[in-house]
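A short write-up of the structure that comes next.
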Amino acid sequence: MEVLLRQLRSLKKLLRRRGATPDQAEDLVQEAVLRLHAYTRQGGQIQNQEAFLTRTALNLAVDQHRHARLDSYESEPVENLDLPDLQPSPDEVFAAEQRLMKMREALDRANPRTREVFFMHRLYGFSHAEIARRLGISVSAVEKHVASAVTLLAMERQRE
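At position 36 of the sequence shown the residue is numbered 36 (the UniProt record's numbering), and the sequence of numbers has no breaks.
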């Protein structure tokens, strides 16, 4: 009996580490024990009681989590929902375009190599090593060009 109690305490701790509240862990362990009892009463053979209880409790926790998530979904079809307009306002579009123009002007003030390296890295996703290999410069030089461009953009952003 002491071994079973130790297993149940250990199982509760496991469930708590996985996000269950103390009450939820207690309920899950109790339900797992009830399922163990029902399974053995129906003639089922269990080779490892601790493994059975652990797997059952974890499965119950997953089911509980799934059920809780389903409760957070809206039952109405999407077409019937009154959704907010997510389109930016004309003022927001204008402000974004102005910021982009200022960023473009800041990058235009950078030397052409810095601008090229920055675009290769940020727009096209090349790694520093790939850029260095393609342009025949060192990785350190690539890093300096990227840092220089980022500094220019940050300074422009601070002016806003």
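Glycine included, every Cβ here is placed at the ideal spot set by N, Cα and C.
When the alpha-carbon of L107 is set against those of R157, A38, S140, G44, the nearest one is in R157. In this structure, DSSP gives Y124 a state outside helix and strand, which the three-state scheme calls coil. By the C-beta density criterion, I131 is buried, having at least 16 other C-beta atoms within 10 angstroms. Within the same chain, Cβ atoms closer than 6 Å to the Cβ of E50 are found at Q7, the five residues on either side in sequence being excluded. A Cβ-Cβ contact shorter than 8 Å links A110 with L152.
Annotated as proximal: L60 and A32, with beta-carbon spacing under 8 Å. Residue range 2-17 is occupied by the alpha helix (DSSP H) that includes S10. Ranked by Cα distance from L34, the options S89, S10, T54 are led by T54. The alpha carbon of A57 has as its nearest neighbour, out of L83, L28, P84, A68, the alpha carbon of L28.
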